[in-house]
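Presented below is the structure to which this report refers.
Protein chains in written order, with this note's numbering: chain A, 1 to 162; chain B, 1001 to 1120.
In structure tokens:
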């Protein structure tokens, strides 16, 4: 049992859950002892920021004919009212994702930009699939996301993981 | 999402992750992380709480410029305002639901087999 008041141990919770579903092999999360680090190259007030989400568009246009999800992008203005979170793992018993700002805070960020905290959002936000396959994420989705952020001339990115 | 953040950092774009699965994000290891201790689903603030959502984005922005080393985690100063027992809810396994979960797993494997994407 998790210690009340301590962060939930999602890795252990997930292992036990999938074992209960009858899966024989535990999921292996990517593990690293260290992380790459790039300092912000300019003052925050001059930085253009990209927002990223793990959600999907409501029309399912991020899926190909074979059902694979891909990186997708959409304008930050006008921001979408809602996004599809049905493919993602989140606590459906406790909360909901009807407020898009609760997982992709485009309006909150835009307000902070207007107040001068940073230069502004990139014209698009980007959606990245949450994949079982680490290989697909590294070989396809990560380079594609990088290319789109470079195209948008993003100085930094905020990644909101549902 | 953490793997994407690492790839962006490796290629010269600074990142900050906002998320509620602290153990998973830190296991993968990212440059900067704002931890929001909420049920999974609302990493950027509780639904309808506009000022909280703004404060969390503001904290992430600040961390972009104040972090001096990778694997910098900051916790947002907010708590879930609903059921105090929420931590036990997500994907719980109990003696009462064990048989239900076993059957659910079997149904899921049958479904996945039927609709598995074709690989060339």
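By construction, the Cβ of each residue, glycine as well, lies at the ideal position given by its N, Cα and C atoms.
- Note on geometry: alpha-carbon atoms of residue 127/A and residue 1043/B lie some 15 Å from one another.
- DSSP places residue 159/A in the uninterrupted beta strand (DSSP E) bounded by 156-160.
- Distances from the CA of residue 1104/B to each of 14/A, 7/A, 21/A, 157/A were compared; the closest alpha carbon is that of 21/A.
- Between residue 55/A and residue 104/A, the gap from beta carbon to beta carbon is short of 8 Å.
- Taking CB atoms only, residue 1096/B has no neighbour in chain A less than 8 Å away.
- By the Cβ criterion, the stretch 1069-1081 of chain B is not in contact with the stretch 134-146 of chain A, since fewer than three pairs of Cβ atoms, one from each stretch, lie closer than 8 Å.
- The way I'd put it, the stretch 115-123 of chain A does touch the stretch 41-51 of chain A; three or more beta-carbon pairs between them come closer than 8 Å.
- Unbroken beta strand (DSSP E) stretches of 3 residues or longer found wholly inside the stretch 59-134 of chain A: 72-75, 124-127, given in chain order.
- Under the three-state reduction of DSSP output, residue 48/A falls in the strand class.
- Boundaries cannot be given for residue 1030/B, as no beta strand (DSSP E) includes it and DSSP labels it neither H nor E.
- Within chain B, no C-beta atom comes nearer than 9 Å to that of residue 122/A; the closest sits roughly 11 Å away.
- For residue 1006/B, the chain A residues whose C-beta falls within less than 7 Å of its own C-beta are 35, 36, listed in chain order.
- Sorting 144/A, 31/A, 25/A, 42/A by C-alpha distance to the C-alpha of residue 1062/B places 42/A at the top.
- Unbroken beta strand (DSSP E) runs of no fewer than 3 residues, entirely contained in the stretch 1060-1090 of chain B, are found at 1072-1075, following chain order.
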